[in-house]
Amino acid sequence: MTYAYKLIDSPVGQLKLVAKGERLAAILWEHDKPSRVRLGEMTEANERAVLVETERQLREYFAGTRQAFDLPLDFQGTEFQKQVWHALLTIPFGQTRSYSEIARQIGNVNAVRAVGAANGRNPISIVAPCHRVIGASGELTGFAGGLANKMRLLSLEAGQTSLEAAAHDTQPHAPVREAPPAARDDAPAKPVQHQPSRGTQGSLFGI
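For the record, in the sequence shown the residue sitting at position 6 is -3 according to our numbering, with numbers rising by one throughout.
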């Protein structure tokens, strides 16, 4: 089946919304690596209903008026990857998880690096919030959309700033540590105080 796409401008750069039939298959970043998410042939379809609805919900999210998405999704990947991506959908708005927590959630505690790699290949960015997964000690790791955009998304969800204001923020941030190679393509973004006790469910409000 041919994929349909729609390009939109956003506060985090141009996004490519991709549909397979009437389901959302991908949200790709402006400078996404072609090898990160492999899809089939695409044709532009600006009026495809699911893409129009995805744009509407993203606009609400960026404006700070939407905390959850309600879209039909079609993840294309291995069964393990799909397990990880579905686990991302359970992370509440304004909270973060570590790679090890996701590994425990899917019942494979020894798969931390594999979870990182799957997180990096998450095709439906933002909606499946891979930006909410951080290092066990709270450090930032790599992100397909860029670490600055990861910070902006997490700051927006923390209610600390509007996304528009964050996009123009030029103040220095806390040091960022790059992820190990297996987990670099896509993992979340803001130096939060992350408490490992009780499953490292550090919310961005320090709870």
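All residues carry an ideal CB built from backbone N, CA and C; glycine is no exception.
By the DSSP assignment, the beta strand (DSSP E) with residue i in it spans what residues?
| i | result |
| --- | --- |
| I18 | 14 to 19 |
| E35 | 33 to 35 |
What are the residues that DSSP puts in a beta bridge with residue i?
| i | result |
| --- | --- |
| L6 | I(-1) |
| S89 | I125 |
| K11 | R14 |
| L64 | L15 |
| I115 | I18 |
Short check: CB of residue i to CB of residue j, under 7 Å?
| i | j | result |
| --- | --- | --- |
| L30 | K(-3) | no |
| L15 | L64 | yes |
| F60 | V100 | no |
| I125 | T81 | no |
Distance check for residue j and residue i, CA to CA, integer angstroms please.
| i | j | result |
| --- | --- | --- |
| K24 | Y52 | 25 Å |
| E35 | G107 | 31 Å |
| A10 | E32 | 11 Å |
| L144 | H122 | 7 Å |
| Q72 | L6 | 22 Å |
| Q74 | N110 | 10 Å |
| P120 | R104 | 18 Å |
| G129 | G85 | 14 Å |
| L62 | P114 | 14 Å |
| T69 | A(-5) | 22 Å |
| M142 | G12 | 32 Å |
| S89 | I(-1) | 30 Å |
| V3 | W20 | 9 Å |
| G136 | H22 | 7 Å |
| L147 | R47 | 17 Å |
| S26 | F134 | 15 Å |
| A78 | E38 | 30 Å |
| Q67 | G150 | 32 Å |
| T45 | L8 | 8 Å |
| P83 | A102 | 22 Å |
| W76 | T(-7) | 23 Å |
Provide the residue span of the alpha helix (DSSP H) that contains residue i, from first to last.
| i | result |
| --- | --- |
| T45 | 40 to 53 |
| K73 | 70 to 79 |
| A105 | 103 to 111 |
| S146 | 138 to 149 |
Between the region 55 to 62 and the region 88 to 102, do at least 3 Cβ pairs fall closer than 8 Å?
-> no
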